[in-house]
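With the numbering used here applied, the sequence shown corresponds to residues 8 to 404, in that order.
Don't be surprised by glycine CBs; every beta carbon is placed ideally from N, CA and C.
The structure presented is a predicted model; accordingly, all values stated were derived computationally and were not measured.
See structure below.
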Amino acid sequence: MHLSHLALSDFRNYHEAVVEFEPGVMVLIGANGQGKTNLVEAIAYLGTFSSHRVAADSALVRAGTPGAVVRARAIGGGGRANTLELEIISGKANRARLNRAPVRPRDLLGIVRTVVFAPEDLALVKGDPGERRRMLDELMVLRAPRLAGVKSEYEKILRQRSALLKQLGGRGRSARRPDPYAESTLDVWDGQFAAAGAEIVVARAQLAAELAPHVAAAYRAVADSDRLARIELRASLEKEETRLADQGAGEEAAGQDLTDVELVRERLIAAMQALRPAEMDRGVCLVGPHRDDLHLAIGDLPAKGYASHGESWSLALALRIASFELLRSEDEDPPILILDDVFAELDLQRRRRLAAMVGEADQVFVTAAVPADVPEELGGVRYVVVNGTIKREEEAA
């Protein structure tokens with residue numbers, strides 16, 4: 008998989024930009040604030056419909072304009088080509104075209120697959136569980152695009168169920184009037200919540216298990232260390248089942264795995280029923296995939312709070328390289344790899360080891376503030392980015 012053309016309209020600092028690319032390594036050189044990261048952000052957005060830098064799509068639209076457009080021509084295995092167009096409209100739903108025909112935006116998912124590593128990824132190790140859930144979910148959708156719809160449905164149900172819990176109880180209220188209609192409505196939401204949540208939990212658990220050996224191998228290669236890097240999904244369902252069993256309010260779920268969607272659905276319903284009084288008192292959903300975490304460890308110690316800065320960088324990078332390797336192992340069409348301002352954060356040995364690891368990608372985009380940050384052995388075509396203009400190095404000279 009590689010992009011042969013990219014066109015941007017009113018995306019970030021770009022009014023209009025058109026650039027051609029080749030397979031292999033594409034190096035974008037430019038001082039901070041010139042637009043090199045904006046360029047790769049647009050490429051990554053085509054793969055996940057999300058930015059690795061901001062949560063709100065409105066930040067992607069150039070100031071003073073109603074919307075942005077990202078167009079790309081993607082060349083897949085066997086030379087098959089697709090032209091994708093995604094219109095990002097401030098305050099409204101995105102619009103999409105595939106080979107000039109209008110489609111639902113989600114129909115573009117899976118055509119361009121990207122794996123991004125950026126300085127923000129240090130939060131995967133040092134940050135909150137939400138950062139790690141997001142990484143898992145983006146990779147989950149790249150593997151199975153239909154799960155984007157499941158995740159969207161789950162988030163909608165979560166909001167509705169949380170609102171109903173607040174209506175039924177609410178934090179700080181010492182007494183509640185019975186509301187049979189509202190509680191029967193909650194039963195309905197419980198069933199929908201469990202059905203969507205079970206699919207997500209099972210997909211995450213499977214993904215974490217398959218990703219684990221790739222993480223261990225990538226960490227060993229990047230860090231040049233014999234210490235084992237380990238990852239494991241810590242599902243809130245299992246945590247709450249254990250806590251409820253300790254309190255005598257539920258059955259111990261020891262030995263049950265997270266591979267059967269129907270069984271996980273039943274376990275979620277049972278946990279919600281046991282937790283209902285506490286949920287109504289607090290007005291929040293206390294169990295479900297929105298409370299899962301991906302546990303990271305180096306050796307026998309959790310990475311968060313114990314790993315050094317260099318170890319944390321190596322582990323964050325290993326998570327992304329492992330994601331690339333997993334996707335590459337499943338499909339003859341390797342994803343596009345994006346290394347956004349990464350080499351400046353690594354020492355010389357890690358730079359060289361990373362350069363040697365990325366050579367198997369069909370296309371790699373590398374951004375750097377200065378040419379010296381990019382190892383010479385990486386080679387590739389170099390572009391200069393200045394104030395929203397992109398030129399090949401030989402043209403800019």
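Enclosing beta strand (DSSP E) for K398 [first to last residue] | 396-399
Would DSSP call V25 helix, strand or coil?
-> strand
Can you tell me which of the three DSSP states V271 falls into?
-> helix
Segment contact, 8 Å Cβ cut-off, at least three pairs: the region 131-140 with the region 348-362 | no
Distance between beta carbons of R237 and A304, contact taken as under 8 Å = 5 Å
Would you call the CB atoms of V32 and V294 closer than 8 Å?
-> no
Compare the Cα-Cα distances from S319 to each of W196, S232, S243 and report the closest residue.
-> S232
Best match in L67, L244, L93, S330 for proximity to H1 [C-alpha to C-alpha] | This structure cannot settle anything about residue 1, because the visible part of the chain is limited to 8 through 404.
Does the beta-carbon distance from I95 to I343 come in below 8 Å?
-> no
Reducing DSSP to helix, strand and coil, say where R237 ends up.
-> strand
Endpoints, alpha helix (DSSP H) assigned at M407 = Lying before the first or after the last residue shown, residue 407 is absent from the chain, which here runs from 8 to 404.
Alpha-carbon spacing of P152 relative to Y161, whole angstroms = 15 Å
Could you tell me the distance, in whole angstroms, from the CA atom of V208 to the CA atom of D338?
-> 23 Å
Neighbour-count burial assignment, H316, 16 or more Cβ in a 10 Å radius | exposed
Rounded to whole angstroms, what's the CA-CA distance from S16 to R289? Just pull it up for me.
-> 46 Å
Taking the alpha-carbon positions, what's the F200 to V47 distance?
-> 36 Å
Considering only C-alpha positions, which residue in the set L129, G312, T121, A62 is nearest to M147?
-> T121
Return yes when the Cβ of E92 is within less than 8 Å of the Cβ of R104, no when it is not.
-> yes
Between T44 and A215, what straight-line distance do the alpha-carbon atoms span, to the nearest angstrom?
-> 29 Å
Going by DSSP, name the residue or residues bridged to D114.
-> Beta-bridge pairing links D114 to no other residue.
Which listed residue (S58, V388, L333) has its alpha carbon closest to that of E29 = V388
For V119, I'd like the list of residues in its chain whose CB is within less than 6 Å of its CB, leaving aside the five on either flank, ordered along the chain.
-> L53, G54, A81
Close Cβ partners of A386 (< 7 Å) along its chain, the five nearest in sequence each way excluded | Per the sequence shown, residue 386 should be read as Gly rather than Ala. Within the same chain, G386 has close Cβ partners V32.
Does the pairing of the region 322-337 with the region 66-79 give three or more beta-carbon distances under 8 Å?
-> no
With DSSP as the reference, label Y161 as helix, strand or coil.
-> helix
Ordered along the chain, which non-local residues of its own chain (more than five positions away) have a Cβ less than 6 Å from that of H221?
-> A329, E332, L333
Whose CA, out of F124, E402, G40, lies closest to the CA of L346?
-> F124
Distance between beta carbons of G74 and S97, contact taken as under 8 Å = 6 Å
Leaving out five residues on either side along the sequence, give the residues of the same chain with a beta carbon under 8 Å from the beta carbon of D354.
-> G317
Taking the CB atoms as reference points, tell me whether T90 and N101 lie closer together than 8 Å.
-> no
Near P112, what residues of its chain come up, given a Cβ to Cβ distance below 8 Å and the 5 sequence neighbours on each side ignored?
-> F56, L93, A100, N101, R102, A103
Along the alpha helix (DSSP H) that carries N106, what are the first and last residues, could you check?
-> Note, N106: premise wrong, no alpha helix (DSSP H); not H, not E.
Does DSSP put A323 in a helix, a strand or coil?
-> helix
Should L235 be labelled buried (16 or more other beta-carbon atoms within 10 Å of its own) or exposed?
-> exposed
Within 10 angstroms of its Cβ, does D144 collect 16 or more other Cβ (buried), or is it exposed?
-> buried
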